[in-house]
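For the sequence shown, my numbering assigns the number 131 to the initial residue and increments by one for each residue that follows.
To start, the structure itself, in structure tokens.
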Amino acid sequence: MRLLLVHGFAQTPASWDGVRRGLAERGVHDVVAVEIPRRETFTATAAALAVHGPGVWCGYSMGGRLVQRLVVEQPALAHAVVLVSTTAGLRTEAERAERIAADEALAARAESIGTVRFLDEWLAQPLFAGVPTDAPGSDERRTIAPATLAHDLRTLGTGTMEPLWDRLAALTMPVTVVTGRRDDKFEAIGRALTAAIPGARHEHLDGGHALPAECPDALAAVLHATHSAAVRNAASTT
131 MRLLLVHGFA
141 QTPASWDGVR
151 RGLAERGVHD
161 VVAVEIPRRE
171 TFTATAAALA
181 VHGPGVWCGY
191 SMGGRLVQRL
201 VVEQPALAHA
211 VVLVSTTAGL
221 RTEAERAERI
231 AADEALAARA
241 ESIGTVRFLD
251 EWLAQPLFAG
261 VPTDAPGSDE
271 RRTIAPATLA
281 HDLRTLGTGT
291 MEPLWDRLAA
301 LTMPVTVVTG
311 RRDDKFEAIG
321 RALTAAIPGA
331 RHEHLDGGHA
341 LPAECPDALA
351 AVLHATHSAA
361 VRNAASTT
């Protein structure tokens, strides 16, 4: 059974390399770190991920929001889901409008100063204080085109997505929510996600927000357990 990993903003599939090593050491080799397709809307981008399914889907941050949209619309694609440091969207129009405006300013900044300077500023935020300077994918992310960063901010930002909170109760596949103990904001969001999804589990890792970079082996252990359970469940129903 394939395990599909969807990266976050200003990242590339190489950002999952540490997690993939941990999975390989545990015997999980059918792993695809997905390159996010660029489409004209958030919904169309999520739908385009379907070409890689079915399987066990894991998304981090922006990738987690895309995965949620995908499995809400096409639940048969997911044997299980792991949501890492992510949200189901902003609940009010005012919050979404404020976020869209902030992301537009960031998009213009990326276009103005280029990727390397933008990433230096982006990673200087307290949210990413725990990211090692040599984290997997660090070199690759600095090759991302400024236009791609700007597109993702304008098209895939939290403000652009339809909030999914009211649709999560329809999910029937196993869902694991993963957050870092030092990430107070997303710990709270993780609790809300867990409460909204029937039977969801909440795993807490000893890290901050960027868990694929900060805690790759611990995250690999969670993914291994989820994948193994999905394989057993599939075998028992055939």
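Yeah, the Cβ is synthetic: ideal placement off N, Cα and C, and Gly gets one too.
Original post:
Would you call Glu170 buried or exposed, if buried means 16 or more other Cβ atoms sit within 10 Å of its Cβ?
Top reply: exposed
Original post:
By how many angstroms is the C-alpha of His354 removed from the C-alpha of Gly208?
Top reply: Note on residue identity: the sequence assigns Ala, not Gly, to residue 208. Using only the alpha carbons, I get a separation of about 16 Å.
**OP:** Would you kindly check if the distance between the Cβ of Ala210 and the Cβ of Met303 is under 7 Å?
**Re:** yes
**OP:** Would you identify the three-state DSSP class for Arg150, choosing helix, strand or coil?
**Re:** helix
Original post:
Going by DSSP, what residues sit across from His120 in a beta bridge?
Top reply: This structure leaves residue 120 out entirely; the chain is present only between 131 and 368.
Original post:
From which residue to which residue does the beta strand (DSSP E) around Ala254 run?
Top reply: Where Ala254 is concerned, there is no enclosing beta strand (DSSP E), given that its DSSP letter is neither H nor E.
**OP:** State yes or no: is the C-beta of Pro342 within less than 7 Å of the C-beta of Ser191?
**Re:** no
Original post:
With a Cβ-Cβ cutoff of 7 Å, do Gly193 and Val136 count as a contact?
Top reply: yes
Original post:
Where does Thr285 fall in DSSP's three states?
Top reply: helix
**OP:** Specify the secondary structure class of Thr309 as computed by DSSP and reduced to three states.
**Re:** strand
Original post:
So Trp288 packs on Leu220, CB below 8 Å; how close in whole Å?
Top reply: The residue you asked about is not Trp; residue 288 is Thr in the sequence shown. Right, the Cβ-Cβ distance comes to about 6 Å (below 8 Å), so this counts as a contact.
Original post:
Roughly how many angstroms lie between the CA atoms of Asp313 and Leu257, to the nearest whole one?
Top reply: About 7 Å.
Subject >> In chain order, each beta strand (DSSP E) run of at least 3 residues that lies wholly inside the stretch 152-215 >> reply: 161-164, 185-190 and 208-214
Subject >> Top-ranked residue by Cα proximity to Val308, from Val158, Gly183, Ala318 and Ala359 >> reply: Ala318
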